[in-house]
Amino acid sequence: MPTEIDVQTSPVELSKPEKLNKFHDVSEFDCGEATINDFLHKKARKAQENKHSVVYVSCFKGTNIVAGYYTLSAGSVVRENVIPKSYQRNSPTVHPVTILGRMGVTVAAQGYGYSVDLLQDAIRRCIVASEDIAISAILVHPLNDRLADFYAKEAGFQRCPDLSPLTMMLSLRQLKNLDDGNF
Numbered sequence: 786m787p788t789e790i791d792v793q794t795s796p797v798e799l800s801k802p803e804k805l806n807k808f809h810d811v812s813e814f815d816c817g818e819a820t821i822n823d824f825l826h827k828k829a830r831k832a833q834e835n836k837h838s839v840v841y842v843s844c845f846k847g848t849n850i851v852a853g854y855y856t857l858s859a860g861s862v863v864r865e866n867v868i869p870k871s872y873q874r875n876s877p878t879v880h881p882v883t884i885l886g887r888m889g890v891t892v893a894a895q896g897y898g899y900s901v902d903l904l905q906d907a908i909r910r911c912i913v914a915s916e917d918i919a920i921s922a923i924l925v926h927p928l929n930d931r932l933a934d935f936y937a938k939e940a941g942f943q944r945c946p947d948l949s950p951l952t953m954m955l956s957l958r959q960l961k962n963l964d965d966g967n968f
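So the number in this note's numbering is just where the residue sits in the sequence shown, counting from 1, plus 785.
Structure follows, in structure tokens:
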């Protein structure tokens, strides 16, 4: 009889992120953070309908059950808050940015690197969009220092203390070798 030690756990598989639609089941989503859960359960569809944000979801492979998501929306930052500071010279008064809003992975899918995959997907979408619509950077407002460390380590986001203690920015101009597979 196999014991717990003999059982091999394999990572769950998720679908490629796509826009939230009426067929996606968000009812079972629980990432362990009430504000992230509540947004997906109660506000995500309405926010997307009203063009306040676009919600991208990944489902457990072969199902419509949401296992992870993130949101993107438009925003702007005044020149004085752009980082690195060298990008402020000879630039417009206001810089167009994309805001990476809420992001979460359900507890059942945590620990397999899916948050990094979602982050990379979001950055790729911003890079592609910046070819057609001006976007100079991506902003994120992490909930805590642990998440701020995640954004810094995984993608090179830098803190913007003049905006708020936890607001972070990733300049799209800083991203080099975009086709090297990192983003």
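All C-beta atoms, glycine included, are put in the ideal place defined by N, C-alpha and C.
Residue i vs residue j beta-carbon contact at 8 Å
i, j, result
"V882", "V862", "yes"
"D823", "V892", "no"
"P802", "L903", "yes"
"S858", "H880", "no"
"F845", "L805", "no"
"L885", "I923", "yes"
Close Cβ partners of residue i (< 6 Å) along its chain, the five nearest in sequence each way excluded
i, result
"E789", "With a pLDDT of 47 at E789, under the threshold of 50, the modelled position of that residue is not reliable, and the figure given next carries that caveat. Nothing meets the Cβ criterion."
Same chain, Cβ closer than 8 Å to residue i, five either side skipped, listed in chain order
i, result
"A914", "T883 and I920"
"V867", "Q873, S876, H880, S921, A922, M954 and S956"
Closest Cα partner of residue i within the set the options
i, options, result
"G941", "P927, D947 and S956", "S956"
"D930", "I923, T878, G860 and Q943", "Q943"
"F935", "P796, R874, V901 and K807", "V901"
"P946", "G817, F808 and P927", "P927"
"Q905", "I868, S812, L960 and Q833", "L960"
"M888", "K938, N866 and V840", "V840"
"V842", "A819, A907 and N835", "A907"
"D810", "P877, L825, G860 and M954", "L825"
"K807", "G860, V797 and Q833", "Q833"
"V797", "E813, Y897, S812 and T820", "Y897"
"Y899", "I918, K870, E939 and A819", "E939"
Neighbourhood of residue i by C-beta, 7 Å cutoff - its chain only, sequence neighbours within 5 removed
i, result
"V925", "L885, Y936, F942 and M953"
"N975", "Outside the displayed span of the chain (786 to 968) sits residue 975, for which this structure offers no information."
The region 847-857 contacting the region 825-833, beta-carbon criterion three pairs below 8 Å: yes
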